[in-house]
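Have a look at the structure below, then the notes.
Protein chains in written order, with my numbering: chain A, 60 to 579; chain B, 31 to 362; chain C, 2 to 350.
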């Protein structure tokens, strides 16, 4: 109970911050526009701010969100929805049972709209989307897998600026989405937006720290604290040895984002150009850790066989790895199970990816997270309704309340018989306090682990995501100019030697893609 | 076989009755003679066969073993092969989730009908190529092989656009109509198999029938086709298996993405199988999550989805192997 | 067994003599030949229609795309023609394509013999007098059933398709001292994919086995009576007999390796399809270039395995050439005669 209150307070502060950020953002943005717009924007920012401040002082969660929204609706509103009988198609690689349920809920809310939600697995997903487009069957709303290039260059995604910027709900979402203009791709129009959010976490195994007689690091840690922890938690004298780190996501991705608040994309992307010097620091740090034997062997390797006596063992099963860079869903899919926590005594808790610059005590800093993107078709006859559907499936509060119903009900299962919350459950994109408190319930609440989760959820809300999703030309750069570089550095080359050439190339690929897509 | 083992037994008896085994005999026993393989050679042969056979069998064994384990067995590192209890709940669960009986019948329909068409049409075309001489035949054969070489990416999208223009997408017609014109899945191979086979049928036989007054088509039906039974079986099996295992094209063309949830759209077991893989298990996302706590059910579902073809293969395999001996894929 | 060879010999002789007779027969049976040709067209008609409807059309579309920049928008395709620009760009500006093609050719030329020889060895083992033959065959043809399906993918995901005790790094290290770099990577990738190679050679084994079973065992017995060793038998009897299968298998393997989804060029084409600066037109051009390369490769393999003909074939070819020459001569003379007749006619008129 105590921890819940704490979370709520943190969340409310967050909401306030968001309110401030977004309103300021709107202000500066519209400043360049006409005079009337500017006044509208300023008047918007005022009520939002006051509303959230008053809420946080009152400390009651129930009134917080609605009041803020009400205040905003006065100024910002969306055009009404159609009352005609229409059918909308939504193509996704989300979770089938979930989207079917959401589609049903959406149809209950808008009885005149029939929703045809199509789940497709990730293999061949983009091929199918392209095929459907080529044959004139583009879904009205859809997710796309990674690569933003093809949906932009083929003009599959439609402009949703009008709806996005006038939707009051969008003021209360993960702040980086609006601040970093995610989905604008360097233009003035909103083309795509995050549909699913998986914050990344650095998972630390409490048992390992106990066994090695180490203190858990401070939750508000720095980048160098993290490196020190990795080194301290490696103990080759034990049998089997303890390793400090195992990686799924890479430091190459983490470091540039952690290095500076100005970096808003992978590989040091600041909105205009890459800075591969930062990338080089990340890669070199990682390569040095590997070569100094701080990083555990991978599964399906002879080294793993030597270490744990089992060729196919996964690092997360060993109980001898102190820290893992793992995907968000791995915790709920696996580590939350009693078979880990109780039977194997593998007790992972999450830490936010640290920053390599000074952050204030209460400040939330940018960290890497996965944002799967989606958009509405440029050819849809009902863009307004498609937008509403996309919001419902992705970041909308109502959609998320429906999701929470599913996630908290263990009797609803996927094809394999697992409760849906164990099938790659995302985190909310909306900052709605009710949603977050419901979401928080699904993670450990015991005294030992709860503080870590509270702190983590309060600080993971400023995601910066894959370059592939947010930077045109990034995928081409990776496919054509990047192959083999990382391996060369692991084999002994210096990452810094590559930085200059790669910066130039990455920028080239980006500008080439930009000119191809937007004719700039 | 029986006679041979009897002979070996006799030889063994002789060895036993003559304790003074000479060096020559030992040498023969180990290294063999010109008539008989020696012990060492046999050891190598069986060793190789068993090793490679194990590599082939390993995934199947793995699948069977894992599909019977419950969660505790999966996580227990001391249990690697034999489950502690014989667990069928994974199978029942997978079967319910796949809607097994209904989907099975649909799979048979989706794989069976085009296969029947393939057999019929490819045999006619193969016969045409093998039996008759006509202008442009060589070019046509060249085109046939070239169309086999082409990477599928060249034609994938234009074909899809064309099919949807013709209104074929979302129905079984998307498989049936190309098959009707010898353009089904890997039809080139089937035509070549029939071509090679019919070339072996003595021309005299067919000409004799024609002298008796049978037309070209009649002589094909009465003389050539009945003698092509092995080729028909081979093509039938290959075609069925390939259609059965094709998930992407089935989903794209037959199930039809745009109207997937509508009633009456066809699905197959292999398409259903995709539901068991977590949505984030594609190459881009694989990480720790591949280690799944529903591995057992996934394996059970995989086993269930190929079980019908496996059973068919076990029943037909004798005929299958023998028929291959006689079909034309062997050339000549 | 000797009957077979005699039969064969007779066939060949018949063929030769038939050819001799042909010019005369042709004249007599002109209508029959025409009727047969028409029947032939009728039999292959469905395929011809199919090729026109389902192959030529998409192919010409795709060739059109290869010459253009295309955008597949929801409102329709936007095609702007750029001529051969895509092709020249792939060859001269895109550095990775030629190198990848080179790597692919090298890799394929290395893998094909390995797969084919391996399949041959297995087929010969299975053809030997062994116990439990039926069971072994059952197992060895299992991949034909399973490998094309989703099962392999699932199993590979679960790590069931890797061999624990294969030390590739050691092999690579050993080779690095002796061979050039590109060759070493090709060889080590061969070892890394050993299991996959094992799995994918089911069809080839099947084809070889069926060919081997056709060889009459009495041939070997006769050879052994004459003092031939197993080694000699293989080179003198087995290999010549299964030569057509060798070709078929090699071609099949090349095509299989080329159109495999894991093939690095297929991956490149796929990538290009979704890249903003390349797009579908560029990818089509790539796929076209690639299919030319594969065709060349198939041709090379075919030529290598086809050149050496046996005595009969050579004789047949010689006779054929002679007949053609004769026929030409005859025609020439006839034409000259006709011309002369014409001349005579015109002069007389």
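For each residue, glycine too, the CB sits at the ideal point set by N, CA and C.
Member of the options whose CA lies at the smallest distance from the CA of residue i
i                      : options                       : result
residue 459 of chain A : A:503, A:408, A:492 and A:571 : A:492
residue 242 of chain A : A:177, A:281 and A:210        : A:210
residue 238 of chain C : C:339, C:218, C:98 and C:332  : C:218
residue 623 of chain A : A:356, A:562, A:530 and A:278 : With chain A represented from 60 up to 579, any question about residue 623 of chain A goes unanswered, as that position is not in the structure.
residue 415 of chain A : A:425, A:421 and A:365        : A:425
residue 139 of chain A : A:478, A:442 and A:489        : A:442
residue 255 of chain C : C:198, C:129 and C:240        : C:198
residue 149 of chain A : A:447, A:401 and A:400        : A:447
residue 232 of chain A : A:264, A:360 and A:486        : A:486
Residues of its chain near residue i, where Cβ-Cβ distance is below 7 Å and the 5 sequence neighbours each way are ignored
i                      : result
residue 144 of chain A : 171
residue 206 of chain A : 185, 527 and 534
residue 155 of chain A : 178
residue 348 of chain A : 289, 304 and 354
residue 466 of chain A : 479, 480, 484 and 501
residue 204 of chain B : 193, 198, 283 and 284
residue 132 of chain A : Because the pLDDT of residue 132 of chain A is 46, which lies under 50, any placement of that residue in the model is unreliable, and the number read from its coordinates should be weighed accordingly. Contacts found: 227.
Chain-order list of residues whose beta-carbon lies under 8 Å from that of residue i (same chain, five-residue window excluded)
i                      : result
residue 344 of chain A : 286, 310 and 314
Host alpha helix (DSSP H) of residue i (start-end)
i                      : result
residue 269 of chain A : 265-270
residue 61 of chain C  : 58-67
residue 529 of chain A : 526-529
residue 187 of chain A : 184-193
Residue i, DSSP secondary structure in three states
i                      : result
residue 78 of chain C  : strand
residue 328 of chain A : strand
residue 382 of chain A : strand
residue 181 of chain B : coil
residue 249 of chain A : coil
residue 276 of chain C : coil
residue 441 of chain A : coil
residue 299 of chain B : helix
residue 227 of chain C : coil
residue 404 of chain A : coil
residue 503 of chain A : coil
residue 470 of chain A : coil
residue 239 of chain A : coil
residue 190 of chain B : helix
residue 213 of chain B : coil
residue 559 of chain A : helix
residue 316 of chain A : helix
residue 256 of chain A : strand
Endpoints, beta strand (DSSP E) assigned at residue i
i                      : result
residue 410 of chain A : 407-410
residue 200 of chain A : 200-202
residue 145 of chain A : 145-151
residue 138 of chain B : Careful: residue 138 of chain B lies outside any beta strand (DSSP E), inside the alpha helix (DSSP H) at 130-161.
residue 434 of chain A : 426-435
residue 303 of chain A : 302-306
Short CB-CB distance (under 8 Å) between residue i and chain F
i                      : result
residue 553 of chain A : No chain F appears in this structure, whose protein chains are A, B and C.
Contacts around residue i, its chain only, beta-carbon distance under 6 Å, and the 5 residues preceding and following it disregarded
i                      : result
residue 342 of chain A : 311, 548 and 554
Chain C contacts from the segment 433-445 of chain A (Cβ-Cβ distance under 7 Å): 436, 437 and 438
At a Cβ cut of 8 Å, what residues of the segment 462-477 of chain A count as close to chain B, listed as they run along the chain? 473, 474, 475, 476 and 477
Selection of the segment 266-291 of chain C by Cβ proximity to chain A, strictly under 9 Å: 268, 269, 271, 272, 273, 274, 275, 276, 277, 278, 279, 280 and 281
Could you run through the segment 283-314 of chain A and flag, in chain order, every residue whose CB is less than 8 Å away from some CB of chain B? 307 and 308
Using a Cβ-Cβ cut-off of less than 8 Å, give me the residues of the segment 506-539 of chain A that come near chain C, in sequence order. 531, 532, 534, 535, 538 and 539
Interface residues of the segment 344-364 of chain A facing chain C [CB-CB below 8 Å]: 358, 359, 361 and 364
Please identify, using Cβ separations under 9 Å, the residues of the segment 72-104 of chain C that lie next to chain A, in order along the chain. 72, 73, 74, 75, 76, 77, 78, 79, 95, 96 and 97
In chain order, what residues of the segment 198-230 of chain A put their CB closer than 7 Å to some CB of chain C? 206, 208, 209, 211, 212, 213, 214 and 215
At a Cβ cut of 8 Å, what residues of the segment 337-350 of chain B count as close to chain C, listed as they run along the chain? 339, 340, 343, 344, 347, 348 and 350
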